[in-house]
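Participant: Following this message is one structure expressed as structure tokens.
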Amino acid sequence: MNPLREPFRRSALCALVLALAACDSGTGPDPVDGVVIQPAGETLFPGDTMTFFALDDGGNRLSGAQWSSTAPAVATVDAGSGRVTAVANGSTQIRGTVQGTSAEAGVTVQADPFAECGVTLMLATASQAGALAEGDCTFSDLSRVDFYEFRLREARTVTITLTSTQFDAYLVLAARTGIAVFGEDDDSGGGSNARIVLVLQPGRYLIAANSFGPGEAGAYTLAVSAA
């Protein structure tokens, strides 16, 4: 080895080590200034599941969150995935922690007011054939009704139609808990068909496929589309 080149080799090696160290110092994750947990303020029924996620202040989804529930007897949560399972009536906070920064979202668990009638889960864009028949649940005016649920993860314009050649169709759209009613319609779908068009925020919604008069029965098609 040429002894004259050795100092240059050592200098080059030192420069390379310093460069690598400088690069390595920037490869760690960016600090998290704030965490927001979504969804927030959810009402679930025992046995329901829902996946929660963490966002930064800019609305970007964060990875690597660790999850916990302040009341596991009310609702449990998978520590790695954020999947919540409702257990029993009560309230809890679902906590997500990312790089030492935590935030919480409230969850209420209550008995399903429509459990006795049964609720069919639909996609936000789907069509479902059904029939009003003897033995169905009824409203106070003795009109028969079937219940359906759909969920939105973002604000959408939703169109719901109920068509039948055998009875005068009537639609009701409400919150899944049944407390808030967002719309009702009789004949906006043409003829005796019903139609509701609304801009809806993220959440869980209940559709009542109903007849205008008491005791009416027959086959129908319920269609939901979200744009």
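So in the numbering used here, spot 211 of the sequence shown is number 204, and the numbers just go up one at a time. All residues carry an ideal CB built from backbone N, CA and C; glycine is no exception.
Take the Cβ of Thr85 as the centre, count every other Cβ of all protein chains shown within 10 Å, and call the residue buried at 16 or more, exposed below.
Facilitator: Numbered from its first residue, the sequence shown carries residue 85 at position 92. The residue is buried, with at least 16 neighbouring Cβ atoms inside 10 Å.
Participant: Going by CA-CA distance only, name the one from Gly89, Val28 and Ile153 that's closest to Asp71.
Facilitator: Here the question's residue 71 lines up with position 78 in the sequence shown. Comparing Cα-Cα distances from Asp71 to each of Gly89, Val28 and Ile153, the minimum goes to Gly89.
Participant: With distances taken Cα to Cα, identify the nearest neighbour of Arg149 among Leu191, Asp139, Gly171 and Ala119.
Facilitator: On the sequence shown, position 156 is the one that residue 149 refers to. Of Leu191, Asp139, Gly171 and Ala119, the residue nearest in Cα terms is Leu191.
Participant: Can you give the Cα-Cα distance for Arg169 and Val28, rounded to whole angstroms?
Facilitator: Your numbering for residue 169 matches position 176 in the sequence shown. Your numbering for residue 28 matches position 35 in the sequence shown. Those two C-alpha atoms are separated by around 28 Å.
Participant: Taking its Cβ as the centre, do 16 or more other Cβ atoms sit within 10 Å of Gly182, making it buried, or is it exposed?
Facilitator: As a first step, residue 182 must be located in the sequence shown, where it is residue number 189. Answer is buried; the Cβ neighbour count reaches 16.
Participant: With 16 as the cutoff for other CB atoms within 10 Å, does Ile200 come out buried or exposed?
Facilitator: As a first step, residue 200 must be located in the sequence shown, where it is residue number 207. By the 10 Å Cβ count, Ile200 comes out buried.
Participant: On a CA-only basis, which of Glu147, Gly73 and Gly99 is nearest Gly238? Give me that one, please.
Facilitator: Residue numbering for the chain in the displayed model covers -6 to 220; residue 238 lies beyond these limits and cannot be assessed.
Participant: Quick one: residues in its chain with C-beta nearer than 7 Å to the C-beta of Gly176, no 5 flanking neighbours on either side, listed in chain order?
Facilitator: One-based indexing of the sequence shown puts residue 176 at position 183. Same-chain partners within the cutoff: Leu166, Ile189 and Leu191.
Participant: Does DSSP classify Val67 as helix, strand or coil?
Facilitator: For this step, residue 67 is matched to residue 74 along the sequence shown. Val67: coil per DSSP, three-state reduction.
Participant: With distances taken Cα to Cα, identify the nearest neighbour of Val80 among Ala68, Gly73 and Asp50.
Facilitator: The sequence position of residue 80 within the sequence shown is 87, counting from 1. Here the closest residue by C-alpha is Ala68.
Participant: In chain order, what residues of the same chain have a beta carbon less than 6 Å from the beta carbon of Ala126, not counting five sequence neighbours either side?
Facilitator: On the sequence shown, residue 126 is found 133 positions in, with the first residue counted as 1. So the qualifying residues of the chain are Ala210.
Participant: Please state whether DSSP places Gln121 in a helix, a strand or coil.
Facilitator: For the purposes of this step, residue 121 is taken as residue 128 along the sequence shown, with counting starting at 1. Three-state DSSP puts Gln121 in a strand.
Participant: Rounded to the nearest angstrom, how far is the Cβ of Asn156 from that of Asn186, given a contact under 8 Å?
Facilitator: Along the sequence shown, read from residue 1 onward, the residue named residue 156 stands at position 163. Along the sequence shown, read from residue 1 onward, the residue named residue 186 stands at position 193. The sequence shown places Thr at residue 156, rather than the Asn named in the question. So it is a contact: roughly 4 Å between Cβ atoms.
Participant: Quick check on the burial criterion: 16 or more other C-beta atoms within 10 angstroms. Buried or exposed for Ser62?
Facilitator: Numbered from 1 along the sequence shown, position 69 holds the residue referred to as residue 62. Per the 10 Å Cβ criterion, buried.
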